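S.K.: Its first residue numbered 0, the sequence shown is counted upward by one per residue in numbering that gives the first Met the number 0.
Cβ atoms here follow ideal geometry from the backbone N, Cα and C, with glycine treated the same way.
All values derive from a computational prediction rather than experimental measurement.
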Amino acid sequence: MANNKVAAWKNLEDFPTLSHGEIHIWQVSTDNTATNFVDYTGALSEAELSKVHFFESKHARNSYVASQGALRQLLSGYLGISPKLVNIGRQKKGKPYSLDYEGLYFNLSNSGNLAVIAFSRDSELGIDIEQMRHLPDLDEMIHTNFTSSEIKFINTKPEERLRRFFRFWTVKESYLKAIGEGMRLAPENIEFSMDNESIRLLSVKGVSEQEDWHFKEFSILADYVGTLTYDKANSILMQMEL
Ligand SMILES: CC(C)(COP(=O)(O)OP(=O)(O)OC[C@H]1O[C@@H](n2cnc3c(N)ncnc32)[C@H](O)[C@@H]1OP(=O)(O)O)[C@@H](O)C(=O)NCCC(=O)NCCS
Numbered sequence: 000m001a002n003n004k005v006a007a008w009k010n011l012e013d014f015p016t017l018s019h020g021e022i023h024i025w026q027v028s029t030d031n032t033a034t035n036f037v038d039y040t041g042a043l044s045e046a047e048l049s050k051v052h053f054f055e056s057k058h059a060r061n062s063y064v065a066s067q068g069a070l071r072q073l074l075s076g077y078l079g080i081s082p083k084l085v086n087i088g089r090q091k092k093g094k095p096y097s098l099d100y101e102g103l104y105f106n107l108s109n110s111g112n113l114a115v116i117a118f119s120r121d122s123e124l125g126i127d128i129e130q131m132r133h134l135p136d137l138d139e140m141i142h143t144n145f146t147s148s149e150i151k152f153i154n155t156k157p158e159e160r161l162r163r164f165f166r167f168w169t170v171k172e173s174y175l176k177a178i179g180e181g182m183r184l185a186p187e188n189i190e191f192s193m194d195n196e197s198i199r200l201l202s203v204k205g206v207s208e209q210e211d212w213h214f215k216e217f218s219i220l221a222d223y224v225g226t227l228t229y230d231k232a233n234s235i236l237m238q239m240e241l
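(1) Around the Cβ of isoleucine 235, are there at least 16 other Cβ atoms within 10 angstroms (buried) or fewer (exposed)?
(2) Using 8 Å as the cut-off, can you tell me whether the segment 111-121 makes contact with the segment 89-99, which would need three or more C-beta pairs spanning the two stretches below that distance?
(3) Within 10 Å of its beta-carbon, does alanine 46 have 16 or more other beta-carbons around it, so buried, or fewer, so exposed?
(4) Would you identify the three-state DSSP class for lysine 215, choosing helix, strand or coil?
(5) So what's leucine 236 in DSSP terms, helix, strand or just coil?
(6) In the DSSP output, what is arginine 199 paired with across the bridge?
(7) To the nearest angstrom, how far is it from the Cα of alanine 69 to the Cα of arginine 166?
(8) Please go through the same chain and pick out, in chain order, the residues whose beta-carbon is closer than 7 Å to the beta-carbon of methionine 140, but skip the five residues on each side of it.
(9) Which residue's Cα is closest to the Cα of arginine 120: Arg183, His19 and Gly225?
(10) Between the segment 58-67 and the segment 146-166, can you find at least three pairs of beta-carbon atoms closer than 8 Å?
(11) Flag this pair as yes or no: are the beta carbons of lysine 215 and leucine 200 separated by less than 9 Å?
(12) According to the neighbour-count rule (16 or more other Cβ atoms, all chains shown, within 10 Å of its Cβ), is phenylalanine 105 buried or exposed?
(13) Grab me the residues of glutamine 72's own chain with a C-beta within less than 6 Å of its C-beta, minus the 5 sequence neighbours each way, in chain order.
(14) With a 10 Å radius around its C-beta and 16 neighbouring C-beta atoms as the bar for buried, classify lysine 4 as buried or exposed.
(15) I need the DSSP call for isoleucine 24, collapsed to helix, strand or coil.
(16) Quick check on the DSSP output: the beta strand (DSSP E) that includes phenylalanine 118 runs from which residue to which?
(17) Under 8 Å from any heavy atom of ligand 1, does the C-beta of tryptophan 212 make it?
(18) Let me make sure I understand the geometry here. Which of Glu196, Arg163, Gly125 and Ile126 has the alpha-carbon closest to that of aspartate 138?
(19) Flag this pair as yes or no: are the beta carbons of aspartate 257 and threonine 169 separated by less than 9 Å?
(20) Let me know the beta strand (DSSP E) ranges lying completely inside the segment 64-127, each 3 residues or longer, listed in chain order.
Here it is in structure tokens:
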């Protein structure tokens, strides 16, 4: 995957073109000491600004401000509309989409102090990242969310166990987000196989899903894992930083 780190842009002419067949994955710091944070706050709509104070933790508040503000800035760059005036709709199960232009797909994910937002002109998308961290209820989570063959793969290498758990987790979440189901479809109803080369969807119960989905793990910071699910074969993935 190409990895293009793009500095914050100042005018629309500098904004990267999203060509057909490309997927842009933007990495955003959600730390409120990051230089762009004030711009993210300024990009929020009135409705979003009024929600900010309802978040109890500072961390959740910062993640919300940065990810929604960055999403508005990026939609603004791709569509040529002022960030505050960008219109974002929600499908019935919560998946956000552009109300301004139907030919632009996107999806976002937050974890730790990072957000990622993926964009495409011709591929439906789901994206998920997780910061790998100690989980006191890891055993229970493995048994609740994974099938027996997945559990076998996760448990085969004790030193890889946590990483494999989070890799599978992001694969399932990104798929659930690509199809727009979110948490309404229990993850144990989806079965994947995984090795170092490829990820394959083996079976899914509870939805009539006909798409031929593709799964790509991408690297961000060392203690993170991330997976993108997309439906257009041969898409070129490019990573960028806001
Ligand atoms: C959306 C969901 C799938 C992921 O949420 P999450 O991992 O906690 O959070 P992320 O930051 O990765 O994603 C949240 C973003 O996804 C997007 N989203 C929300 N609903 C969505 C849906 N139905 N489909 C696609 N994207 C959705 C939104 O942009 C949301 O951020 P916002 O509400 O601030 O705009 C959520 O339904 C969920 O809570 N899933 C957990 C279910 C589970 O048990 N998973 C185990 C997998 S092994």
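M.R.: Checking against the coordinates, here is how it stands:
(1) The sequence position of residue 235 within the sequence shown is 236, counting from 1. With fewer than 16 Cβ atoms within 10 Å of its Cβ, isoleucine 235 is classed as exposed.
(2) Result no; under three Cβ-Cβ pairs closer than 8 Å.
(3) On the sequence shown, residue 46 is found 47 positions in, with the first residue counted as 1. Counting Cβ neighbours within 10 Å, alanine 46 comes out exposed, since fewer than 16 surround it.
(4) The count along the sequence shown starts at 1 and reaches residue 215 at position 216. Residue state, collapsed to three classes: strand.
(5) As a position in the sequence shown, residue 236 is number 237, starting the count at 1. Shown here, leucine 236 sits in a strand according to DSSP, grouped into three states.
(6) The count along the sequence shown starts at 1 and reaches residue 199 at position 200. Residue pairing by DSSP places arginine 199 opposite Ser192 in a beta bridge.
(7) On the sequence shown, position 70 is the one that residue 69 refers to. On the sequence shown, position 167 is the one that residue 166 refers to. Cα to Cα, alanine 69 sits roughly 25 Å from arginine 166.
(8) For the purposes of this step, residue 140 is taken as residue 141 along the sequence shown, with counting starting at 1. Annotation for methionine 140: Leu134 place their beta carbon closer than 7 Å to its own, counting only its chain and skipping 5 residues before and after.
(9) If you number the sequence shown from 1, residue 120 lands on position 121. Of the candidates Arg183, His19 and Gly225, the residue whose Cα lies closest to the Cα of arginine 120 is His19.
(10) The segment 146-166 is not in contact with the segment 58-67.
(11) The residue given as residue 215 occupies position 216 in the sequence shown. The residue given as residue 200 occupies position 201 in the sequence shown. The answer is no: Cβ separation not under 9 Å.
(12) For the purposes of this step, residue 105 is identified with residue 106 of the sequence shown, where counting begins at 1. By the 10 Å Cβ count, phenylalanine 105 comes out buried.
(13) On the sequence shown, residue 72 is found 73 positions in, with the first residue counted as 1. Exclusion of the five residues before and after glutamine 72 leaves Ala42 and Pro82 as the residues of its chain whose Cβ lies within less than 6 Å of its Cβ.
(14) For the purposes of this step, residue 4 is taken as the residue at position 5 of the sequence shown. The pLDDT assigned to lysine 4 is 49, lower than 50, so where the model puts this residue is not dependable, and the model offers no usable value.
(15) Here residue 24 corresponds to residue number 25 of the sequence shown, with the count starting at 1. Annotated three-state conformation of isoleucine 24 is strand, per DSSP.
(16) The count along the sequence shown starts at 1 and reaches residue 118 at position 119. Counting along the chain, the beta strand (DSSP E) containing phenylalanine 118 begins and ends at 113-119.
(17) The count along the sequence shown starts at 1 and reaches residue 212 at position 213. Answer for tryptophan 212: no, Cβ out of range of ligand 1.
(18) The sequence position of residue 138 within the sequence shown is 139, counting from 1. Per the C-alpha coordinates, the member of Glu196, Arg163, Gly125 and Ile126 positioned closest to aspartate 138 is Arg163.
(19) For residue 257 there is no data in the structure shown, the boundaries of the chain being 0 and 241.
(20) DSSP runs (the beta strand (DSSP E)) wholly in the segment 64-127: 87-89, 95-97, 104-110 and 113-119.
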